[in-house]
């Protein structure tokens, strides 16, 4: 498998396809959480070099816009971000795709990340036991990450909120820090309290980690290109547990996304 990952060609700059995805109930988002190990294809693990020329993007799924390889600081992005891994959530028991997701690292933290990753190879980053310590080291060492989430079919804010909560509680780490996690989930519910409407496919949620581990939620309407800052979860354990769930563990919430991130971190 490692040989397969290491020899794949870097992806071309993507052009969005006009293929339409079939309709599926929005309840699937809450039923499965936002992430899960089942249903991913290993083809979503791409060891492309994460730093690229501005304007380049990778197609994650034909139903949504390509994900930029690099995103510059603007009125809602707190800093410059570099893409390190992507995946598409597919539910196998009903065989449909749910969303595309990308993990970004703060460009200003790349030197810090490289230093913390010294001596760490792709095998360690793919090891379900060893990678937990590596990702914890990055998160505890002040390396900031961002999650870019884009549904491939229509959903709503309530289902997204329930999915995030379900995903966080599914991580064994949540039981180790139960009190701060409970406080943080109350903050998460407050962030979504004023957002109860529809979230059409191809719209985007940005979850940006701040310097103190806080998690900023921003919603982007890709039809009119407007953005709204939804709110902030100040409790750092929420961002740490969620990001750890994406990037490490014996049962990562997204196996090929975890593999893709591992390949991306190995090229830093």
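Numbering (the working numbering), first residue to last: 269 to 536.
Every residue gets a Cβ at the ideal spot worked out from N, C-alpha and C, and that includes glycine.
Quick caveat: nothing in here was measured; it's all calculated off a predicted structure.
Asked, Found
"Proximity of residue 473 and residue 501 at Cβ, strictly below 7 Å", "no"
"Residues near residue 509 in its chain [Cβ-Cβ closer than 8 Å; skip 5 each side]", "436, 439, 441, 442, 445 and 449"
"Buried versus exposed, by CB contacts within 10 Å (16 or more), residue 523", "buried"
"Beta-bridge pairing of residue 473 - partner residues as DSSP gives them", "417 and 487"
"Contact the region 384-403 vs the region 457-464: 3+ CB pairs below 8 Å", "no"
"Assigned secondary structure, residue 466 (DSSP; H/G/I helix, E/B strand, else coil)", "strand"
"Residue 512 versus residue 370: straight-line alpha-carbon distance, rounded", "14 Å"
"Buried or exposed by the 16-neighbour rule on C-beta atoms within 10 Å, applied to residue 354", "buried"
"Per DSSP, the bridge partner or partners of residue 497", "486"
"Any 3 or more C-beta pairs closer than 8 Å across the region 424-432 and the region 384-393", "no"
"Cβ-based neighbour list, residue 297, same chain, cut-off 7 Å, excluding 5 preceding and 5 following", "With a pLDDT of 40 at residue 297, under the threshold of 50, the modelled position of that residue is not reliable, and no figure is offered here."
"Residue burial classification, residue 517 (beta-carbon count within 10 angstroms, cutoff 16)", "buried"
"Three-state secondary structure assigned by DSSP to residue 392", "helix"
"Residue 519 versus residue 417: straight-line alpha-carbon distance, rounded", "20 Å"
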